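Taking it in order: structure first as structure tokens, then the write-up.
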Amino acid sequence: AQIFNGDGSTAAPLTKTGAGVLAIEGLNTYTGETMVNSGAVAVNGSIAGSVTVASTAKLGGIGAIGGNVNVAGGATLGLESSLGTLDVAGSLTLADNSSVSLQLNGLNPGDGAGLYGQVNTAGAVTIGQNVTLSLSLGFAPSGPGDTFYFILNRGADSTGMFANLAEGAQIDLGNGYIGTLTYQANWTGEAGTSSFTGGNDVAIAVPEPGTVVTLLGGFGALLGLGRFRRRQS
Numbered sequence: 063a064q065i066f067n068g069d070g071s072t073a074a075p076l077t078k079t080g081a082g083v084l085a086i087e088g089l090n091t092y093t094g095e096t097m098v099n100s101g102a103v104a105v106n107g108s109i110a111g112s113v114t115v116a117s118t119a120k121l122g123g124i125g126a127i128g129g130n131v132n133v134a135g136g137a138t139l140g141l142e143s144s145l146g147t148l149d150v151a152g153s154l155t156l157a158d159n160s161s162v163s164l165q166l167n168g169l170n171p172g173d174g175a176g177l178y179g180q181v182n183t184a185g186a187v188t189i190g191q192n193v194t195l196s197l198s199l200g201f202a203p204s205g206p207g208d209t210f211y212f213i214l215n216r217g218a219d220s221t222g223m224f225a226n227l228a229e230g231a232q233i234d235l236g237n238g239y240i241g242t243l244t245y246q247a248n249w250t251g252e253a254g255t256s257s258f259t260g261g262n263d264v265a266i267a268v269p270e271p272g273t274v275v276t277l278l279g280g281f282g283a284l285l286g287l288g289r290f291r292r293r294q295s
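This is the structure in structure tokens:
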């Protein structure tokens, strides 16, 4: 991968072209937009401005983005353990026909082996039409109660759902376990105090024994909702 580490205060944009991965490291204070026109960009440090990801390109990272993130149709947001947790100070927009690649290699979010990818946004999250969720399973869940919070929203409104994955949709996680998808989870920063209801985060959980019917029955009343509740302060 190529590495970019610049602390200039220029307002000029940074444009990524060509194949391969560009890793943005360190504290970058340029205020221009970062445009990922092809290949991939991993924001592992911090940037001050917004990011636009063009069709066929990919964005990931374990760093911080100071502006909005716009993922165009045909582009991918990579929430993979090799890319870790990405913090977005603005909004996250997944345009129609874009995709999210989620890698589950463990029970905790972060960067490295045995972890899963995550994006944490301060602004609104918008999931357009026909946005696909692609799962890469690097391990099998250990048992009921395992939960993966992969799109976090720190208080703003959120809209939309993944293609063919309405509230309460079931996803095969391997090892005989079926995960349940929700757009109403509440991540507090710690798995032990987080919950599967009461918020506006996106998560997949393995239901406890005997609760699958109850969960699916409750979620069934919510099918078709395109807008989900704002987290209460």
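The opening position of the sequence shown corresponds to residue 63 in this note's numbering, with each subsequent residue numbered one higher.
Idealized CB from N, CA, C, for every residue including glycine.
Predicted model, so just to flag it, every value in this text is computed and none were measured.
Consult DSSP for Thr118 and reduce its assignment to one of helix, strand or coil.
Sequence index remark: in the sequence shown, residue 118 carries index 56 (1-based). Here Thr118 sits in coil by DSSP.
Report the option in Leu195, Ile213, Val181 whose CA atom is closest to the CA atom of Asp234.
As a working note, residue 234 is residue 172 in the sequence shown. Nearest C-alpha to Asp234: Leu195.
Looking at the strands, I want to know which residues DSSP matches up with Met97.
For the purposes of this step, residue 97 is taken as the residue at position 35 of the sequence shown. For Met97, which the question treats as bridged, DSSP gives the partners Thr77, Thr114.
Output the distance between the C-alpha atoms of Lys120 and Ala225, rounded to the nearest integer angstrom.
Taking the sequence shown and counting its residues from 1, the one referred to as residue 120 is at position 58. Taking the sequence shown and counting its residues from 1, the one referred to as residue 225 is at position 163. Taking the straight line from one Cα to the other gives about 19 Å.
Per DSSP, which one or two residues make a beta bridge with Gly140?
The sequence position of residue 140 within the sequence shown is 78, counting from 1. Gly140 pairs with Ser163.
In whole angstroms, what separates the C-alpha of Thr91 from that of Gly205?
Here the question's residue 91 lines up with position 29 in the sequence shown. Here the question's residue 205 lines up with position 143 in the sequence shown. Rounded to whole angstroms, Thr91 to Gly205 spans 44 Å at the Cα level.
Under the rule that 16 or more other beta-carbon atoms within 10 Å means buried, what is Ala267, buried or exposed?
Looking up residue 267 in the sequence shown gives position 205. It is buried - the Cβ of Ala267 has at least 16 other Cβ atoms within 10 Å.
Grouping DSSP H, G and I as helix and E and B as strand, with all else coil, what is Ala225?
In the sequence shown, residue 225 corresponds to position 163, counting from 1. In this structure, Ala225 counts as coil in the three-state DSSP scheme.
Are Ala184 and Val131 touching if we call contact CB-CB under 8 Å?
Within the sequence shown, residue 184 is the residue found at index 122, counting from 1. Within the sequence shown, residue 131 is the residue found at index 69, counting from 1. Not in contact: Ala184 and Val131 (Cβ atoms no closer than 8 Å).
Please report the distance separating the alpha-carbon of Gly129 from that of Thr138.
For this step, residue 129 is matched to residue 67 along the sequence shown. For this step, residue 138 is matched to residue 76 along the sequence shown. Those two C-alpha atoms are separated by around 18 Å.
Check the C-beta distance from Asn170 over to Leu177 and give it rounded, since I have them as a contact under 8 Å.
As a first step, residue 170 is located in the sequence shown; it is residue number 108 there, counting from the start. As a first step, residue 177 is located in the sequence shown; it is residue number 115 there, counting from the start. Confirmed, about 5 Å.
Looking at the secondary structure, which residues open and close the beta strand (DSSP E) in which Ser198 lies?
The sequence position of residue 198 within the sequence shown is 136, counting from 1. Segment 194-199, the beta strand (DSSP E) holding Ser198.
Assign Asn237 to buried or exposed, taking buried as 16 or more other Cβ atoms, counted over all protein chains shown, within 10 Å of its Cβ.
Numbered from its first residue, the sequence shown carries residue 237 at position 175. Per the 10 Å Cβ criterion, exposed.
Taking Cβ to Cβ, would you say Thr77 is nearer than 8 Å to Asn99?
Within the sequence shown, residue 77 is the residue found at index 15, counting from 1. Within the sequence shown, residue 99 is the residue found at index 37, counting from 1. Yes, Cβ-Cβ distance for Thr77 and Asn99 is below 8 Å.
Closest by C-alpha distance to Val193, when choosing among Ala85, Val115, Asn215, Val162
Reading the sequence shown from its first residue, position 131 is the one you call residue 193. The residue with the shortest Cα to Cα distance from Val193 is Val162.
With the cut-off set at 8 Å, would you say Val103 and Leu84 are in Cβ contact?
Within the sequence shown, numbered from 1, the residue matching residue 103 stands at position 41. Within the sequence shown, numbered from 1, the residue matching residue 84 stands at position 22. Yes. Within cutoff.
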